[in-house]
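Basically my numbering = 1-based index in the sequence shown + 148.
Yeah, the Cβ is synthetic: ideal placement off N, Cα and C, and Gly gets one too.
Notes follow once the structure below has been shown.
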Amino acid sequence: MTSPTTHKIEEFRINIPQADLDDLADRLARTRWPASLPGTGWDRGVPVGYLRELAAYWRHGFDWRAAEARLNSYPQYTTEIDSQKIHFLHVRSPEPNATPLLLIHGWPGSIVEFLHVIGPLSDPRGHGDPDAPAFDLVIPSLPGFGFSGPVTEPGWNSRRIAAAFAELMRRLGYARYGAQGGDFGAFVAPDIGRVDAEHLVGVHVNAATMGFVPFGDIPEAELATFTPTEKERLQRMQNYLTEGNGYFQIQSTRPQTLSYGLTDSPAGQLAWIVEKFKEWTNSGHTLPEDAISRDEILTDVSVYWFTGTAGSAANVTYYESMHSGDWPYLSGVPTGVAVFAEDIAIRRYAEQANNIVHWSDFETGGHFAALETPDLLVQDVRAFFAPLLASRS
């Protein structure tokens, strides 16, 4: 049990020392670049020519201080829960009856993911939607990520994080709240429903996998009942397991070994993350910055770099998840799912571990919905929570 003396909530501002920015520029200048096979593209990994140009922009064109100021324009705090520092944004709505809402990022995301949705969700009236529900937003950096800093002990799996975030909401004085999460956030948000159901209005997820997709082989008779959309998502998942999960195997088995390269080489950290922005955004885009701006991608990468949390983040989201044994079980909390064009959630499997009351399929977007298609995500979050809130009024 956390000592009462650690319950203090302190104001926080991001202020990366200039020496760290200078060190980043120096390391980028001295990058030892590998050779590449001529005529190859992204199918073998991030092309050298592309990464060299992006690294040069990170060094000469990207303005971290501007990104830092943008993040610091929102109130930020830290507190200690379960002996772990938790950093979070706390953006109160100007509306008096706003509903508290947790926004939970995943990997390789961060609080940066939510910059486009903070205004519309917290101040719908100020963004042209006076009849939409308003939310007081609590946006934590996952333990082990970003400004929460590296975790200090093993065992920080999704269920433990869910309990920590439930305690955070209690500490902020919120008796009833909602939760929204994508990627690993779609692990944590449903788990809050398993550890704090009595205080949770509802759970909304995107980029959902565990607990929302089939696990293991599917019998032929069951496959015969699949719709074309379900078959397409199953094929996408199988393609991922065949060609796209090398990073997963490394991070879920040997994250410490990987961390040396990512913590020492900014080019290595950049390649490791930008590959996912390329592969997980909408497949209609040629380059990652066709879906999400370079500055926002580099802001996210910079958060990992300056906080030195590449290894810790891999430990939390992958190693702990694959070794905890805490598999999803049915939760009675109302759950909404937004499935964007590159997602793989299948409703029939989601219903086995979740109380699905809302399901949306989108023909566009991808994994990083809050950055790539923020308007659609905001629309779906509002559509999910509005009837739940109306029923409680």
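Item                                                                                                                                 : Value
Spatially closest choice to ALA323 from VAL349, PRO302, ARG308 and ASP331, by CA coordinates                                         : VAL349
Of the residues LEU172, ASP271 and PRO242, the one placed nearest VAL451, counting alpha carbons only                                : LEU172
For THR447, the nearest candidate out of PRO186, ALA217, ARG180 and GLU159 (CA to CA)                                                : ALA217
Rounded separation between ASN463 and SER400 - CA only                                                                               : 7 angstroms
Chain-order list of residues whose beta-carbon lies under 6 angstroms from that of VAL351 (same chain, five-residue window excluded) : ALA327, ALA337, PRO338, GLY341, VAL481 and THR483
Nearest residue (CA-CA) to VAL487, options ASN503, GLY514 and GLU437                                                                 : GLY514
VAL529, DSSP secondary structure in three states                                                                                     : helix
DSSP beta-bridge partners of PHE283                                                                                                  : THR247
Test item: CB-CB of PHE160 and TYR225 under 8 angstroms                                                                              : yes
Range of the contiguous beta strand (DSSP E) that encloses ASP509                                                                    : 503 to 509
Closest by C-alpha distance to GLY294, when choosing among PHE454, THR247 and SER472                                                 : PHE454
Boundaries of the alpha helix (DSSP H) in which PRO482 is found, first to last residue                                               : Premise fails: PRO482 lies in the beta strand (DSSP E), 482 to 487, not in any alpha helix (DSSP H).
Reduced DSSP secondary structure (H/G/I, E/B, other) of LYS233                                                                       : strand
Euclidean distance between Cα positions of SER460 and PRO302                                                                         : 10 angstroms
For ASN542, the first and last residue of its enclosing beta strand (DSSP E)                                                         : This structure does not reach residue 542, given that the chain is present from 149 up to 541, and the question cannot be answered.
Whole-number beta carbon distance between ILE234 and PRO291, since they are thought to touch under 8 angstroms                       : 7 angstroms
TYR205: first and last residue of the uninterrupted alpha helix (DSSP H) it sits in                                                  : 196 to 208
Where the alpha helix (DSSP H) through TYR408 begins and ends                                                                        : 403 to 412
Contact under 8 angstroms by Cβ, ALA282 with SER270                                                                                  : yes
Spatially closest choice to SER413 from PHE335, ALA203, PRO186 and ILE494, by CA coordinates                                         : ALA203
CB contact flag (GLY321, ASN354, <8 angstroms)                                                                                       : no
Enclosing alpha helix (DSSP H) for GLY321 [first to last residue]                                                                    : Where GLY321 is concerned, there is no enclosing alpha helix (DSSP H), given that its DSSP letter is neither H nor E.
Distance between GLU380 and THR521 (C-alpha atoms, nearest Å)                                                                        : 21 angstroms
Among ASP509, PHE516, THR457 and ALA538, nearest to THR300 - alpha-carbon criterion                                                  : THR457
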